[in-house]
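Participant:
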Amino acid sequence: MRQDHLITATQLSRADIEAVLDRAAEIDADPAAMADRYREAVLALCFFEPSTRTKMSFETAIKRLGGATTDMGTVESSSVKKGESLADTVRVVEGYADALVLRHPSEGAAKMAAEFVDVPVINAGDGAGHHPSQTLLDLYTIRENVGLDDLSIGIMGDLKYGRTVHSLADALTNFDARQHFISPESLQLPRSVRFDLHNAGAQLREHTDLDDVLPELDVLYVTRIQRERFPDETEYEQIAGEYQIDADTLEAASDDLAVMHPLPRVDEIDPGVDALPQATYFEQAHNGVPVRMALLDFLLSEGEL
Amino acid sequence: MSDHELHVAKIRDGTVIDHVTGGQALNVLSILGIDGSEGLGVSVGMNVPSDRLGKKDVVKVEDRELSQSEVDVISLIAPEATINIIRDYDVAEKNRVDRPDSVVGLLSCPNRNCITTGSNEPVETKFSVVDEGVRCTYCGTIIRDSLADHIDPE
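Note that the protein sequences, when read in sequence, are chains A and B. My numbering numbers the first residue of the first sequence as 17 and each following residue consecutively. My numbering numbers the first residue of the second sequence as 7 and each following residue consecutively.
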């Protein structure tokens, strides 16, 4: 299937996903083989919101492919501050680069941007919408650790606004995955994501209590519950506290459980978990480089995914 | 329908939109972008008795023949509507409305954080028509009920 851009995970078939993950595994095994492949390539980084992992791993990915970046910098230092539209910004930037990585606070921003430019656009997060390149590295991490079929995964935290959750849930419908969604009622999956999951025939169950499902999980994907989602501090403290895990929590889990997190974490995973064999989140973050190298390889070499 | 039930005169040329869901006539006009400022003769009958619908609305627009793509959007709020093209007092064409695949530039997205709302982007709203209602093609937000509340007055 031809894909000029990567906007949402719903556009990805199982074959698309496996092609990227297979390429990532090849790159992981021999990164030097790709070192000069994109010597002339320039990747534009347009981040209208803060980012550490996504931005730096894309930057490292293109550099390891032999290319370079051009960076819009922060919103404060760019023409956006002068009131420039996103449509204008991306039309200017496409003249400077072979592909464009976009993070923006509004849902649908990447979809719109892709309509205005001819170079590939990669959605690196659009508000509470989607974050499909994160999903590819999540799937790579799951495949490396526990496999993607006959998978039982718990996705916990802010399921309403969590864009990594939305993209991961969409992509997992391509696999034999039982998806358990664990959250306070006020942060359950939004209607639009349910619609896609339902249409894709997803196997999903919803829980408010991790204990109900923890022992049967192969993967526990934890996300951050943000303070600003709650009207008052007391309610936030109370609810967020119920969705934090520590070493004691994991005593009820399988020894083979992979605990994942898109990071950054605040206090939803206690640092005491870091030393346990189940802790997989730093490996997950590191996988961002080979997976994004693979993604760029598809989009830059063939102009498609 | 008989004339004494409708209380609205026949038109010579134009379009009669009949069997509109009772109470939706003004929303039909909004969808068509007709607010009177165009100078077209417009007659509206609301909550007229109907054998088929119980109560129905009727909208008559003089001197304008509406295209199928214009009227199909009406199906979203008045699925039973019929469109009669009138020429020289006679019904020249009679059509039902079909559900369109998409609705462009008509509805505003209720998601305030959607790229199409509250920004200065040069982009029209676009909704795909799905079983449950309509869905913003940009942010994915689904509007299920009260579609007419989301008609963009622009």
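Built from N, CA and C at the ideal position, the CB exists for glycine as well. Just so we're clear, the structure is a prediction, and the values are computed from it rather than from any experiment.
Output, in chain order, the set of chain B residues within a Cβ distance shorter than 9 Å of A/Met276.
Facilitator: Along the first sequence, read from residue 1 onward, the residue named residue 276 of chain A stands at position 260. None at all; the shortest Cβ gap to chain B is about 24 Å.
Participant: Am I right that A/Thr189 and A/Leu213 are in contact with their C-beta atoms under 8 Å? What's the rounded C-beta distance?
Facilitator: Here residue 189 of chain A refers to the residue found at position 173 of the first sequence. Here residue 213 of chain A refers to the residue found at position 197 of the first sequence. Yes, they are in contact, since the Cβ atoms of A/Thr189 and A/Leu213 sit about 6 Å apart, within 8 Å.
Participant: Since A/Gly145 meets chain B, which of its residues come closer than 8 Å, beta carbon to beta carbon?
Facilitator: Stepping through the first sequence from its first residue, residue 145 of chain A is reached at position 129. Simply Cys145 and Gly146.
Participant: Exposed or buried, B/Val97, counting other C-beta atoms within 10 Å across all chains shown (16 or more means buried)?
Facilitator: For this step, residue 97 of chain B is matched to residue 91 along the second sequence. Answer is exposed; the Cβ neighbour count stays below 16.
Participant: List, in chain order, every chain A residue whose beta-carbon is nearer than 8 Å to that of B/Glu127.
Facilitator: Here residue 127 of chain B refers to the residue found at position 121 when the second sequence is read from its first residue. Within 8 Å Cβ-Cβ: Ser101, Leu102, Ala103 and Met128.
Participant: Compare the C-beta of B/Thr122 against all C-beta atoms of chain A and say whether one is closer than 8 Å.
Facilitator: To locate residue 122 of chain B, count along the second sequence from 1; it is residue 116. Closer than 8 Å: yes.
Participant: Less than 7 Å between the CB of A/Asp38 and some heavy atom of the ligand COA, yes or no?
Facilitator: In terms of ligand content, the structure shown is empty, and the ligand COA therefore cannot be addressed.
Participant: Using a C-beta cutoff of 8 Å, does A/Ala263 count as contacting chain B?
Facilitator: Start at 1 with the first residue of the first sequence, and residue 263 of chain A comes out as number 247. Closer than 8 Å: no.
Participant: Please identify, using Cβ separations under 7 Å, the residues of the region 204-229 of chain A that lie next to chain B, in order along the chain.
Facilitator: Residues Arg207, Ser208 and Phe211.
Participant: Starting from A/Ala60, trace the alpha helix (DSSP H) both ways and give me its first and last residue.
Facilitator: As a working mapping, residue 60 of chain A is identified with position 44 in the first sequence. Run containing A/Ala60: none in the alpha helix (DSSP H); it sits in the beta strand (DSSP E), Val58 to Phe63.
Participant: Note down, one range per segment and in chain order, each alpha helix (DSSP H) of at least 4 residues found wholly within the region 186-227 of chain A.
Facilitator: Within the region 186-227 of chain A, the complete alpha helix (DSSP H) runs of at least 4 residues are 207-215.
Participant: A/Gly124 CB to nearest chain B CB: under 8 Å?
Facilitator: Along the first sequence, one-based indexing puts residue 124 of chain A at 108. At least one chain B Cβ lies under 8 Å of A/Gly124.
Participant: Leaving out the 5 sequence neighbours to the left and right, which residues in its chain are closer than 8 Å to B/Arg58 when beta-carbon positions are compared?
Facilitator: Taking the first residue of the second sequence as 1, we reach residue 58 of chain B at position 52. Contacts found: His25 and Glu86.
Participant: Can you list, in chain order, the stretches of the beta strand (DSSP E) that have 3 or more residues and sit fully within the region 55-119 of chain B?
Facilitator: Within the region 55-119 of chain B, the complete beta strand (DSSP E) runs of at least 3 residues are 60-68, 88-93, 96-102 and 108-110.
Participant: So what's B/Phe133 in DSSP terms, helix, strand or just coil?
Facilitator: What you label residue 133 of chain B is simply residue 127 of the second sequence in a count that begins at 1. Here B/Phe133 sits in strand by DSSP.
Participant: Which residues of chain A have a Cβ atom closer than 9 Å to the Cβ of B/Glu138, listed in chain order?
Facilitator: To locate residue 138 of chain B, count along the second sequence from 1; it is residue 132. Per Cβ cutoff of 9 Å: Arg207 and Phe211.
Participant: Using 8 Å as the threshold, is the C-beta distance between A/Tyr297 and A/Leu273 below it?
Facilitator: Along the first sequence, one-based indexing puts residue 297 of chain A at 281. Along the first sequence, one-based indexing puts residue 273 of chain A at 257. Going by C-beta atoms, A/Tyr297 is not nearer than 8 Å to A/Leu273.
Participant: Assign B/Val50 to one of three DSSP states: helix, strand, or coil.
Facilitator: Stepping through the second sequence from its first residue, residue 50 of chain B is reached at position 44. Of the three classes helix, strand and coil, the one that applies to B/Val50 here is strand, per DSSP.
Participant: What residue range is occupied by the uninterrupted beta strand (DSSP E) comprising A/Val117?
Facilitator: Mapped onto the first sequence, residue 117 of chain A falls at position 101. Counting along the chain, the beta strand (DSSP E) containing A/Val117 begins and ends at Ala115 to His120.
Participant: Is it true that the region 51-70 of chain B meets the region 118-132 of chain B, where meeting means three or more beta-carbon pairs spaced less than 8 Å apart?
Facilitator: As far as the Cβ criterion goes, the region 51-70 of chain B does not touch the region 118-132 of chain B, which means the pair count is below three.
Participant: In three-state terms, what does DSSP make of A/Asp46?
Facilitator: Here residue 46 of chain A refers to the residue found at position 30 when the first sequence is read from its first residue. A/Asp46: coil per DSSP, three-state reduction.
Participant: For A/Glu100, count neighbouring C-beta atoms within 10 Å of its own C-beta (all shown protein chains included) and say buried if the count is 16 or more, exposed if not.
Facilitator: Position 84 of the first sequence, counted from the first residue, corresponds to residue 100 of chain A. A/Glu100 comes out exposed.
Participant: Could you check what DSSP says for A/Ile78 in three-state terms: helix, strand or coil?
Facilitator: Reading the first sequence from its first residue, position 62 is the one you call residue 78 of chain A. The answer is helix: DSSP assigns A/Ile78 an H, G or I state.
Participant: Using the rule of at least 16 other Cβ atoms within 10 Å of the residue's Cβ for burial, across every protein chain shown, is A/Thr68 buried or exposed?
Facilitator: By one-based count along the first sequence, residue 68 of chain A stands at place 52. So A/Thr68 ends up on the exposed side.
Participant: Evaluate contact between the region 154-164 of chain A and the region 216-229 of chain A, counting only Cβ atoms and requiring at least three cross-stretch pairs below 8 Å.
Facilitator: No, the region 154-164 of chain A does not touch the region 216-229 of chain A.
Participant: Could you check what DSSP says for A/Thr90 in three-state terms: helix, strand or coil?
Facilitator: In the first sequence, the residue the question calls residue 90 of chain A occupies position 74. Residue state, collapsed to three classes: coil.
Participant: Can you give the Cα-Cα distance for A/Asp192 and B/Ser114, rounded to whole angstroms?
Facilitator: By one-based count along the first sequence, residue 192 of chain A stands at place 176. By one-based count along the second sequence, residue 114 of chain B stands at place 108. A/Asp192 and B/Ser114: Cα-Cα distance of roughly 38 Å.
Participant: Can you list the residues of chain A that B/Asn101 reaches, using a CB-CB cut of under 9 Å?
Facilitator: The residue given as residue 101 of chain B occupies position 95 in the second sequence. By Cβ distance, chain A contributes nothing, its closest Cβ being about 31 Å from B/Asn101, past 9 Å.
Participant: Taking the alpha carbon of B/Asp69 as the reference point, which residue from B/Ile92, B/Gly28, B/Pro106 and B/Cys120 has its own alpha carbon closest?
Facilitator: The sequence position of residue 69 of chain B within the second sequence is 63, counting from 1. Nearest option by C-alpha distance: B/Ile92.
Participant: With C-beta atoms as the reference, is A/Leu151 less than 8 Å away from A/Ser122?
Facilitator: Position 135 of the first sequence, counted from the start, is the residue given in the question as residue 151 of chain A. Position 106 of the first sequence, counted from the start, is the residue given in the question as residue 122 of chain A. According to the sequence as given, residue 151 of chain A is Thr; it is not Leu. No.
Participant: When the Cα atoms are used, what is the spatial distance from B/Thr88 to B/Leu153?
Facilitator: For this step, residue 88 of chain B is matched to residue 82 along the second sequence. For this step, residue 153 of chain B is matched to residue 147 along the second sequence. Approximately 19 Å, taken between the alpha carbons.
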